[in-house]
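Residue 12 in my numbering sits at position 5 of the sequence shown; the count goes up by one each step and never skips. We put the beta carbon where it would ideally sit given N, CA and C, even for glycine. Okay, structure first, notes after.
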Amino acid sequence: MEFIGSRFLKAKQMLFSMFVIASITSQLQNLFGGFMRYIRFAAHTVIFAKLDTIWLNSNIATVIRTGVILTNA
């Protein structure tokens, strides 16, 4: 009887440790997933900011060119 009890206790401990490991890994996955989402968002923001500055610079260049043409005319 004592043998069965110790086996049951071992199985219970093993299940509990597996549960703990599973919960820790799921927490890590959630953390990592949030981190990856944040990185993706930051990358998109940087890319759009770069595109915006390129667009703005080209517009400014066009305005300056137009101004030069008008003043020289």
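Cβ of residue i within 8 angstroms of any chain C Cβ
i   : result
F15 : In summary, chain C is missing from the structure at hand, where a single protein chain is found.
Span separating the alpha-carbon of residue i from that of residue j
i   : j   : result
T32 : N66 : 50 angstroms
Q34 : F48 : 21 angstroms
N37 : N64 : 40 angstroms
S13 : A50 : 55 angstroms
F55 : I61 : 10 angstroms
G41 : L22 : 28 angstroms
Own chain partners of residue i with C-beta closer than 8 angstroms, once the 5 adjacent residues on each side are dropped
i   : result
F15 : none
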